[in-house]
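**Student:**
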Ligand SMILES: Cc1ncc(COP(=O)(O)O)c(C=O)c1O
């Protein structure tokens, strides 16, 4: 029986996602690099959020909700996937877009994920502060209260860490899926590398791996906050998850590893070096990374290889968490 079998879930994702070898990059860097294609989970351009939504919406269905509410950046993949899921399931959806990135660019505000959210006809609200998770959640809860007064049945998917980590269950399931694929392919991984933002993916993968008996390191690459703060966040989420799954949390806190070298200058903005990684992966493997999450996490992977933390001759699985539509919000990547 799988770890998450008894928990409510709605089928949304194309699974299992492919596990592919990056032949050219492996030859370049002396490490066997494998990529778990969670950018291809279906549901209007896919990504890691689709797996997470299966469990959030599982709860929404248990509560008989008729409208979903959530919050995220203007180019949020989570917001785009939530709207797509609501449309697929015939639910109403209200989203709140936060000004997290100081960009005046027309493309940033209207293309990529923002375009898709408009296309699907979501009700859109704006939240002018970019760095106030509790404030953003409180605005959602107020809106939910208003909807309740109108006789609606809202379900809120919050942003802050102070809620039951339903979404992280999607990556507990993904850890089991990945281990099964590795077994079928006779692939021993020496490390996993994944983007660490809200921490649902990182905490889910780590907790799922440990609960399945794997002690392989899971390196979280920070995309939202520095390594110290992110470590605390992943620990809190992993502990809550272990409790939810009723599994042993021994050693889990010490197993949380975060690196923040690729984060700077900050959320949604790339350094030149991260931009070079985005181009390098596109040109060597025909794979698109996005500027906010996956270019950074892949850059983190290459940095760990260069530093010898991931050793020459070893094998690593990189989780491609998606974000593909956001690339169109940064047309300057290919101009000039
Ligand atoms: C493409 C992509 N990758 C990674 C992340 C980070 O995942 P998590 O929020 O589960 O830490 C996000 C979060 O928005 C994302 O959209």
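In my numbering, the protein residues as written are 333 to 668. C-beta atoms are modelled at their ideal positions from N, C-alpha and C, and glycine is treated no differently.
Assuming residue 531 contacts residue 566 (C-beta within less than 8 Å), just tell me the rounded distance between them.
**Tutor:** One-based indexing of the chain shown puts residue 531 at position 199. One-based indexing of the chain shown puts residue 566 at position 234. Between residue 566 and residue 531 the Cβ distance is about 5 Å, and since that is below 8 Å, they are a contact.
**Student:** By the 10 Å Cβ neighbour count, where 16 or more other Cβ atoms means buried, how is residue 597 classified, buried or exposed?
**Tutor:** Your numbering for residue 597 matches position 265 in the chain shown. Result: exposed.
**Student:** With a threshold of 7 Å, establish whether the CB of residue 441 neighbours any heavy atom of ligand 1.
**Tutor:** As a position in the chain shown, residue 441 is number 109, starting the count at 1. No - ligand 1 has no heavy atom lying nearer than 7 Å to the Cβ of residue 441.
**Student:** Based on DSSP bridge pairs, tell me the residues matched to residue 369.
**Tutor:** Stepping through the chain shown from its first residue, residue 369 is reached at position 37. Beta-bridge pairing links residue 369 to 652.
**Student:** May I ask whether a heavy atom of ligand 1 can be found less than 7 Å away from the beta carbon of residue 563?
**Tutor:** The residue given as residue 563 occupies position 231 in the chain shown. Residue 563: no, Cβ never under 7 Å from ligand 1.
**Student:** How do the region 377-387 and the region 411-427 stand: do at least 3 beta-carbon pairs fall below 8 Å, yes or no?
**Tutor:** yes
**Student:** Using 8 Å as the threshold, is the C-beta distance between residue 446 and residue 407 below it?
**Tutor:** The residue you call residue 446 lines up with position 114 of the chain shown. The residue you call residue 407 lines up with position 75 of the chain shown. Residue 446 places its beta carbon less than 8 Å from that of residue 407.
**Student:** May I ask you to report which of helix, strand or coil DSSP gives residue 597?
**Tutor:** Position 265 of the chain shown, counting from 1, holds the residue named residue 597. In this structure, residue 597 counts as coil in the three-state DSSP scheme.
**Student:** Counting along the chain, where does the alpha helix (DSSP H) carrying residue 531 start and finish?
**Tutor:** Within the chain shown, the letter at position 199 stands for residue 531. Element bounds for residue 531: n/a, residue is neither H nor E.
**Student:** Beta-carbon within less than 6 Å of residue 555's beta-carbon, same chain only, minus the 5 sequence neighbours each way: which residues are those?
**Tutor:** In the chain shown, counting from the first residue as 1, residue 555 sits at position 223. Within the same chain, residue 555 has close Cβ partners 527, 529, 625, 628.
**Student:** Can you have a look at residue 451 and say buried or exposed, based on whether 16 or more other CB atoms are within 10 angstroms of its CB?
**Tutor:** For this step, residue 451 is matched to residue 119 along the chain shown. Exposed, because fewer than 16 other Cβ atoms sit within 10 Å of the Cβ of residue 451.
**Student:** Considering Cα atoms alone, identify which of 589, 419, 384 is closest to residue 400.
**Tutor:** As a first step, residue 400 must be located in the chain shown, where it is residue number 68. Residue 419 is the option with its Cα nearest to residue 400.
**Student:** May I ask you to check if the CB of residue 611 is nearer than 7 Å to at least one heavy atom of ligand 1?
**Tutor:** For the purposes of this step, residue 611 is identified with residue 279 of the chain shown, where counting begins at 1. Checking every heavy atom of ligand 1 against the Cβ of residue 611, none is found closer than 7 Å.
**Student:** May I ask which residues mark the beginning and end of the alpha helix (DSSP H) holding residue 591?
**Tutor:** Mapped onto the chain shown, residue 591 falls at position 259. Residue 591 -> not in any alpha helix (DSSP H); beta strand (DSSP E) instead, spanning 589-591.
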